[in-house]
Amino acid sequence: MKVYMFISCHITSLLVFSLSVLLYGWAVLYYDGYLPLFPSYLFNSPSPPPVRKHASYEVSYFIEPIDFLHDARVYVGRESALARPVHDRGSEAEALATLHAANGFCRNGKFDKAEKLYEHALALQPNHPDILTEYGIFVENYSGDIVKANFLYSRALIFRPDHSVAKEYSAKTKPIVAEIDADMMRILDEKRGMFLRIPRGNSALRRAMRESYIAHVYHTVALEGNTMTLMQTRSILETKLAIAGKSVMEHNEILGLDSALRFINSSMTNRIGAITINDILDIHKRVLGYVDPVEAGRFRTTEVFIGKFTPTEPQLVEQEMNEFITWINSESAVEIHPVEMAAIAHYKFVSIHPFIDGNGRTARLLMNFILMQAGFPPVTIRLEDRPEYYDKLILANEGDLRPFVRFIAKCTERTLEEYLRCVTEHKPSTVDTISSVARDLHRIHFTNIPDR
């Protein structure tokens, strides 16, 4: 009996020890090893991240994955909206001590060292008004980057509206920045004029527009996590045949976007009149029609979560969308430069987040429709633009829309330059130019892939 009890006690002790080791191993894996096993989750993973409750496949790519971001070792290069650390970045005392040291180096003329310390202080406390202001003064005086300096002052005022130094420097630089932004829009208008002077029948232009259509579909779905390559996207659009080894949903995302683009080309670009709620619903019905027919063309009825940002409550979505449509058709909106208006409309739309999925794609289609109405070609936000794209959306959500407007302006200029470069050798006659502009001023559109 004693032997039996002795053996039982030892077996029990062994089991308890084994269980303790197992639990410890899981703890170590979770805190120290779990995240490094999944670095591709943050960097163009072919597999979508885990979708939280009531968060769609598309929305999950915006989510700041708090549960996964315990280890800074996964960050490669600059911080982005896809990988924004949520852990403590350092004490305020350390950041202010770093700021003090940076000011000392600056006074002694050691600007390179000062810049590194300013950046380090900002990394420790990215929302500290004093650090933002001092760094802005340094940027303005040392590098002469007035736009960046004004951004830093404005950001300081977001977190402390009564910051006297930030208010002073912001007021001083604001008119200069406004003129810089106006010059940027004037340059876009000049390049739009050059683009419109190219006859629509120009073979180089038509070829470029066809390639742009394929690239637009590829990059638009890739931004949301679709893993199809450019060649595979081309194959689907041209042949409508399936790609082996790719999911049905990824095929359907491409077909849905193609359907939405065709709808805009055939039903909206040549129409005279205001944008309506039904237009938005019709676009979304095609974007999501192949992926989720039940939710396609319907406003969401559940909450969605995008990191720290909570979009409009479902019961208020229809009301806010009606207000959005009223604004987009208002005289005040028409007076805004088309590129700026398109960017603001994009941001307002995604901030409402009216659908359970497909909001980003629908927002970019709406943005391009506004640009096309004004004679600009449709703009593609590329896959490699994704970190900057999401970063600028986050900055807009924090109170400063200007960086996002400038980002869209940069993408617009890039698109115009690509078209102009494709037809550099073409020199249209005056008659061709006048007739082409008169015929096509309001008919800029995506060049569809022909049905086969």
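Here the sequence shown stands for residues 3 to 454, where the numbers follow my numbering. Positions of the beta carbon are idealized from the N, C-alpha and C atoms, including for glycine. Model, not experiment: these values are computed from the prediction.
Inset, instruction - From the DSSP output, in three-state form, read off Phe140 for me. - result: helix
Checklist entry - Buried or exposed: where does Leu101 fall if 16 or more other Cβ atoms within 10 Å of its Cβ makes it buried? => result The residue is buried, with at least 16 neighbouring Cβ atoms inside 10 Å.
Discussion item. Here's the rule: buried if 16 or more other CB atoms are within 10 angstroms of the residue's CB, otherwise exposed. What is Ala210?
Written reply: buried
| request: Identify whether Val149 lies in helix, strand or coil by the three-state DSSP scheme. | output: Note: Val149 maps to helix in three-state DSSP.
Are there 16 or more other CB atoms within 10 angstroms of the CB of Lys310, so buried, or fewer, so exposed? exposed
Is it true that the segment 150–157 meets the segment 133–141, where meeting means three or more beta-carbon pairs spaced less than 8 Å apart? yes
inquiry  = Do Ile277 and Ile327 count as a contact pair if the criterion is CB distance below 8 Å?
reply    = yes
Count the other CB atoms within 10 Å of the CB of Ile274; is the residue buried (16 or more) or exposed (fewer)? When all chains shown are included, Ile274 counts as exposed.
Note to self: Cutting at 7 Å between CB atoms, please list the residues of its own chain near Val149, excluding the five before and the five after it.
What the structure shows: Val179, Ile182
Could you tell me which residues DSSP pairs with Ile308 in its beta bridges? Phe311
**Message:** For Lys242, count the other beta carbons within 10 Å of its own beta carbon; 16 or more makes it buried, fewer makes it exposed. Which is it?
**Reply:** exposed
Item checked: Cβ distance (whole Å) where Phe351 is taken to contact Ala365 below 8 Å -> Yes, Phe351 and Ala365 are in contact; Cβ-Cβ is about 4 Å, under 8 Å.
State buried or exposed for Gln234, treating a residue as buried only when at least 16 other CB atoms are found within 10 Å of its CB. buried
- Query: Alpha carbon to alpha carbon, how far is Glu386 from Ala217?
  - Reply: Each residue's alpha carbon lies about 13 Å from the other.
Validate contact between the segment 398–410 and the segment 188–200 using beta carbons, cut 8 Å, 3 pairs: no
* What three-state label does DSSP hand Glu390 in the structure shown? -> helix
Quiz prompt | Pairwise C-alpha distance: Val381 and Glu320 | solution = For Glu320 and Val381, the distance between alpha carbons rounds to 28 Å.
**Study point:** Proximal residues to Leu257 (C-beta, below 6 Å), its chain only, five neighbours per side dropped
**Key:** Tyr292
Exposure label - Val289; buried when at least 16 CB within 10 Å:
buried
- Task: List the whole-angstrom C-beta distance separating Met230 from Glu213, where the pair is believed to meet the contact cut-off of C-beta under 8 Å.
- Result: Met230 to Glu213, Cβ: 16 Å. No contact.
- prompt: Since Thr328 is in the alpha helix (DSSP H), which residue starts that stretch and which ends it?
  reply: 319–330
Exercise. Roughly how many angstroms lie between the CA atoms of Arg80 and Pro389, to the nearest whole one?
Worked result: Annotation note: pLDDT 28 at Arg80 (below 50); position unreliable, coordinate value reported separately. Arg80 and Pro389: Cα-Cα distance of roughly 9 Å.
Margin query: Which residue marks the beginning of the alpha helix (DSSP H) containing Thr364, and which one marks its end?
Written below: 361–375
Check your understanding: Which of the three DSSP states, helix, strand or coil, is assigned to Tyr155?
Key -> Looking at Tyr155 - three-state DSSP - the assignment turns out to be helix.
| field | Spatial neighbours of Asp362 in its chain, beta-carbon cut-off 7 Å, leaving aside the 5 residues before and after | value | A small correction: the amino acid at residue 362 is Gly; Asp does not occupy that position in the sequence shown. Around Gly362: Glu60, Leu225, Glu226, Val352.
Does the separation of the CB atoms of Ala97 and Gln127 fall below 8 Å? yes
Open item on the list: Please classify Gly203 as buried or exposed, where buried requires at least 16 other C-beta atoms within 10 Å of its C-beta.
Closed with: exposed
**Item:** Local conformation of Thr241 per DSSP, three classes
**Value:** helix
### Task
Measure from the alpha carbon of Ile410 to the alpha carbon of each residue in Asp393, Glu94, Ala244, then state which is nearest.
Asp393
Here's a check: name, in chain order, each residue in its chain whose Cβ is nearer than 6 Å to the Cβ of Ala116, leaving out the five neighbours to either side. Ala104, Phe107, Cys108
**Prompt:** Terminal residues of the continuous alpha helix (DSSP H) containing Lys193?
**Reply:** The continuous alpha helix (DSSP H) containing Lys193 extends over residues 166–198.
Cα-Cα, which of Asp359, Val425, Leu207 is closest to Val296?
Asp359
Discussion item. Just verifying my parser: in three-state terms, what is the DSSP assignment at His253?
Written reply: His253: helix per DSSP, three-state reduction.
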